[in-house]
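Colleague: Let me give you the structure first, and then I'll get to my questions.
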Amino acid sequence: MKKNLACRSAASLPALLALTLTLLTGCAESPTGRPQLMLFDQNQVNKMGISTFEELKAKTPVSKSKKANQYVQCVANQVLAVTPAKYQQNPWEVVVFDSDQVNAFALPGGKIGVYTGLLLVAENQHQLAAVIGHEIAHVMAGHSNERLSSNQAVQATLGVADVALSAVNTRYKAELSSAFGLGAQVGIILPFSRVHESEADLIGLELMAKAGFKPEESVKLWQNMAKAGSGGTPQILSSHPVPENRIKALQQNMAKAEALYQAKQASGKLPTCNR
Ligand SMILES: [Zn+2]
Numbered sequence: 036m037k038k039n040l041a042c043r044s045a046a047s048l049p050a051l052l053a054l055t056l057t058l059l060t061g062c063a064e065s066p067t068g069r070p071q072l073m074l075f076d077q078n079q080v081n082k083m084g085i086s087t088f089e090e091l092k093a094k095t096p097v098s099k100s101k102k103a104n105q106y107v108q109c110v111a112n113q114v115l116a117v118t119p120a121k122y123q124q125n126p127w128e129v130v131v132f133d134s135d136q137v138n139a140f141a142l143p144g145g146k147i148g149v150y151t152g153l154l155l156v157a158e159n160q161h162q163l164a165a166v167i168g169h170e171i172a173h174v175m176a177g178h179s180n181e182r183l184s185s186n187q188a189v190q191a192t193l194g195v196a197d198v199a200l201s202a203v204n205t206r207y208k209a210e211l212s213s214a215f216g217l218g219a220q221v222g223i224i225l226p227f228s229r230v231h232e233s234e235a236d237l238i239g240l241e242l243m244a245k246a247g248f249k250p251e252e253s254v255k256l257w258q259n260m261a262k263a264g265s266g267g268t269p270q271i272l273s274s275h276p277v278p279e280n281r282i283k284a285l286q287q288n289m290a291k292a293e294a295l296y297q298a299k300q301a302s303g304k305l306p307t308c309n310r
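Using my numbering, the first residue of the sequence shown is number 36, and each one after it goes up by one.
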């Protein structure tokens with residue numbers, strides 16, 4: 036908590052002092068300019084994401100539908116193509132899981148999972164891009180690192196240096212997976228905070244619009260999610276709680292997103308991913 040305060044105050048200090056404080060406390064800044072406490076080495080968090088993904092693949096059936104795989108890969112590729120260069124250094128792996136779960140996730144280390152159940156709720160390529168953009172945004176903004184950094188149990192028991200190793204073979208696996216937003220998969224749910232959700236919404240909206248997906252479909256997606264809730268809460272909403280003002284915030288940023296979409300449209304290269 037003290038360190039969080041230090042992060043916030045660092046943002047308003049003269050540059051040299053702020054830099055010193057940042058190095059001492061593990062402060063960073065999210066893509067939207069929010070001060071963050073990041074205690075873990077990002078390479079280690081990436082390794083942890085990769086090993087968690089391997090495990091999920093080993094225990095969850097992967098869809099053999101060529102059409103579903105091509106469709107999800109197509110949308111993911113378009114969204115990934117507009118992320119900053121550092122996220123494109125290594126190819127991302129995109130896997131479609133054969134499951135009724137209405138869910139999707141992205142993990143540090145360049146991994147994306149989409150469940151076939153989501154494809155029934157996200158009605159078109161634009162809505163799927165809204166989900167994938169939102170999930171990639173959690174990775175871009177380092178939300179897992181931030182969550183682990185604020186989890187005192189993890190900090191105290193693992194030590195900052197051992198986290199990647201520990202993720203592979205210790206009893207803290209469930210908590211670590213949960214920090215990735217994989218609550219439904221591991222049975223322990225640590226929901227992303229409203230701050231993280233709002234941030235992922237805004238970054239995701241920008242990504243989808245830049246990639247040439249219709250930004251207003253993001254609003255329809257979350258409306259569809261809410262409707263799908265009548266038959267049981269979609270799993271994605273248990274780890275990604277809906278901020279009350281989600282739709283309002285999306286709408287407030289729609290003009291900017293619309294301009295990005297129109298710029299892509301003017302280039303004559305709008306995506307056509309067939310469902
Ligand atoms: Zn989220």
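We treat Cβ as the ideally placed atom computed from N, Cα and C, and that holds for glycine.
(1) Between the alpha carbons of Q79 and N180, how many angstroms are there, rounded?
(2) Alpha carbon to alpha carbon, how far is G168 from P269? Give it in angstroms, no decimals.
(3) Looking only at its own chain, which residues have a Cβ that is under 7 Å from the Cβ of T95, when we skip the five neighbours before and after it?
(4) Is the distance from the Cβ of A141 to the Cβ of E252 below 8 Å?
(5) Do V137 and L321 have their beta-carbon atoms positioned less than 8 Å apart in this structure?
(6) What first and last residue would you give for the alpha helix (DSSP H) that runs through Y150?
(7) Leaving out the 5 sequence neighbours to the left and right, which residues in its chain are closer than 7 Å to K255 when beta-carbon positions are compared?
(8) Using a Cβ-Cβ cut-off of 6 Å (strictly less than) and excluding sequence neighbours within five positions of G239, which residues of its own chain qualify?
(9) With H, G and I counted as helix, E and B as strand and the rest as coil, what does DSSP make of F88?
(10) Indicate, with yes or no, if ligand 2 has a heavy atom lying under 7 Å from the CB of F75.
(11) Cβ atoms of E234 and T118: under 8 Å apart, would you say?
(12) Rounded to the nearest angstrom, what separates K107 and M73 at their Cα positions?
(13) May I ask you to check if the CB of E279 is nearer than 7 Å to at least one heavy atom of ligand 1?
(14) Between which residues of its own chain and Q300 is the CB-CB distance below 8 Å, once the five residues before and five after are set aside?
(15) So which residues touch the region around ligand 1, with touch meaning a C-beta under 6 Å from any heavy atom?
(16) Select from I147, F75, Q124 and Q286 the residue whose C-alpha is nearest the C-alpha of E89.
(17) Provide the residue(s) that pair with F132 in DSSP beta bridges, ordered along the chain.
(18) For V174, which residues of its own chain have a beta-carbon under 6 Å away from its beta-carbon, when the five flanking residues on both sides are left out?
(19) Taking just the CA atoms, how far does E279 sit from I271?
(20) Please state whether DSSP places V195 in a helix, a strand or coil.
(21) Measure the Cβ-Cβ separation of Y122 and A139 and say whether it is below 8 Å.
(22) Determine whether the beta carbon atoms of A157 and V129 lie at a separation below 8 Å.
(23) Would Q160 pass as a contact of R281 if the rule is Cβ separation under 8 Å?
Modeller: On the basis of the coordinates in this document:
(1) For the purposes of this step, residue 79 is taken as residue 44 along the sequence shown, with counting starting at 1. For the purposes of this step, residue 180 is taken as residue 145 along the sequence shown, with counting starting at 1. Approximately 10 Å, taken between the alpha carbons.
(2) Translated into the one-based positions of the sequence shown, residue 269 becomes position 234. Translated into the one-based positions of the sequence shown, residue 168 becomes position 133. Straight-line Cα distance between these residues: approximately 18 Å.
(3) Working through the sequence shown from its first residue, we reach residue 95 at position 60. Answer for T95: F132 and S134, listed in chain order.
(4) Locating residue 141 in the sequence shown gives position 106, counting from the first residue. Locating residue 252 in the sequence shown gives position 217, counting from the first residue. No, Cβ-Cβ distance for A141 and E252 is not below 8 Å.
(5) No answer is possible for residue 321: the residues shown for the chain start at 36 and end at 310.
(6) The count along the sequence shown starts at 1 and reaches residue 150 at position 115. For Y150, no alpha helix (DSSP H) run applies; the uninterrupted beta strand (DSSP E) run containing it begins and ends at K146 to Y150, by DSSP.
(7) Along the sequence shown, read from residue 1 onward, the residue named residue 255 stands at position 220. The answer, listed in chain order, is Q162.
(8) Locating residue 239 in the sequence shown gives position 204, counting from the first residue. Around G239: G168, H169 and A172.
(9) As a first step, residue 88 is located in the sequence shown; it is residue number 53 there, counting from the start. Helix.
(10) Ligands present in the displayed structure are limited to ligand 1, and ligand 2 is not among them.
(11) If you number the sequence shown from 1, residue 118 lands on position 83. If you number the sequence shown from 1, residue 234 lands on position 199. In this structure, E234 does not lie closer than 8 Å to T118 by Cβ.
(12) For this step, residue 107 is matched to residue 72 along the sequence shown. For this step, residue 73 is matched to residue 38 along the sequence shown. The identity of residue 107 in the sequence shown is Val, whereas the question assumes Lys. When rounded, the distance between both Cα atoms is 31 Å.
(13) Here the question's residue 279 lines up with position 244 in the sequence shown. Flag unset: Cβ of E279 not near ligand 1.
(14) For the purposes of this step, residue 300 is identified with residue 265 of the sequence shown, where counting begins at 1. Around Q300: G247.
(15) H169, H173, F227, E232, A235 and H275
(16) Along the sequence shown, one-based indexing puts residue 89 at 54. Nearest C-alpha to E89: I147.
(17) Along the sequence shown, one-based indexing puts residue 132 at 97. BP columns for F132 point to V97 and Y150.
(18) By 1-based counting over the sequence shown, the position of residue 174 is 139. A141 and P143, listed in sequence order.
(19) Mapped onto the sequence shown, residue 271 falls at position 236. Mapped onto the sequence shown, residue 279 falls at position 244. Take the alpha-carbon of I271 and the one of E279: they are about 16 Å apart.
(20) Residue mapping note: residue 195 aligns to position 160 of the sequence shown, counting from 1. Reliability of the predicted coordinates at V195 is poor, the pLDDT of 48 falling under 50, and no value is obtained from them.
(21) On the sequence shown, position 87 is the one that residue 122 refers to. On the sequence shown, position 104 is the one that residue 139 refers to. Contact flag unset, no.
(22) Working through the sequence shown from its first residue, we reach residue 157 at position 122. Working through the sequence shown from its first residue, we reach residue 129 at position 94. Between A157 and V129, the gap from beta carbon to beta carbon reaches 8 Å or more.
(23) The residue you call residue 160 lines up with position 125 of the sequence shown. The residue you call residue 281 lines up with position 246 of the sequence shown. The answer is no: Cβ separation not under 8 Å.
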